[in-house]
Amino acid sequence: GVVLDRGLTFTEHITHAIQRALGRLRGLYSYRSLIPESAKFQLMQSLILSVFYYCYPAYGNSISREDIQRIQRLQNSAIRFIFSLRRFDHVSPYREAAKMLPMEAVCRMLTCCMIHRVIKLNEPHYLCERLSFREEVSQLITR
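When the count follows this note's numbering, it moves up by one through the sequence shown with no breaks and lands on 170 for the last residue.
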């Protein structure tokens with residue numbers, strides 16, 4: 028579920044999701060030498076990052092930059108798990124080699140996918156009703 032707070036900042040929800048994902052990651056660390064990289068990658072996608080992808084339509088762009096950075100740190104930890112990196116090793120080259128997007132780019136992509144679905148499929152209906160196109164609003168002819 029989604030944890031709501033007074034200001035709809037979803038910080039408490041993000042904190043809870045990070046704790047769940049870190050617990051899962053810690054559980055996998057004892058088996059990291061036994062699991063091949065491809066399986067580690069699938070485990071990371073299904074057990075750790077799916078927690079954030081699942082509820083993204085609920086909180087969308089309302090999460091703070093600090094929360095996105097916290098999620099990014101979790102993704103970095105997961106990348107360290109996949110490639111058996113030490114704590115202070117840089118993860119950017121490994122993230123690029125695995126063809127993964129940083130979490131900020133993932134958030135933008137999920138937002139764009141949601142807007143595309145609203146425009147093309149008119150779903151969800153409550154968002155479609157609130158969307159207005161420039162042609163409908165602007166009647167001013169400039170030339």
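All residues carry an ideal CB built from backbone N, CA and C; glycine is no exception.
query = Just how far apart, CA to CA, sit residue 60 and residue 79?
reply = Rounded to whole angstroms, residue 60 to residue 79 spans 26 Å at the Cα level.
ask   = Does the Cβ of residue 107 have 16 or more other Cβ atoms within 10 Å, making it buried, or fewer, making it exposed?
value = With 16 or more other Cβ atoms within 10 Å, it is buried.
message = By alpha-carbon positions, which one of 159, 158, 163, 36 ends up nearest to residue 85?
response = 36
query = DSSP three-state call for residue 126: helix, strand or coil?
reply = coil
query = In terms of alpha-carbon separation, which member of 128, 100, 126, 125 lies closest to residue 181?
reply = This structure cannot speak to residue 181, because the chain is shown only from 28 to 170.
Span separating the alpha-carbon of residue 130 from that of residue 97 = Their backbone Cα atoms lie some 10 Å apart in a straight line.
task = Determine the burial state of residue 104: buried for a count of at least 16 other Cβ atoms within 10 Å of its Cβ, exposed for fewer.
result = buried
ask   = Of the choices 125, 152, 146, whose alpha-carbon is the least far from that of residue 160?
value = 146
query = Do residue 75 and residue 48 have their C-beta atoms closer together than 7 Å?
reply = yes
message = Just to check my reading of the structure: residue 31 and residue 83 have Cβ atoms closer than 8 Å, yes? What is that Cβ distance to the nearest angstrom?
response = In fact, because the Cβ distance is near 15 Å, the residues do not count as touching under 8 Å.
Residue range of the alpha helix (DSSP H) that includes residue 84 = Its alpha helix (DSSP H) spans residues 77-86.
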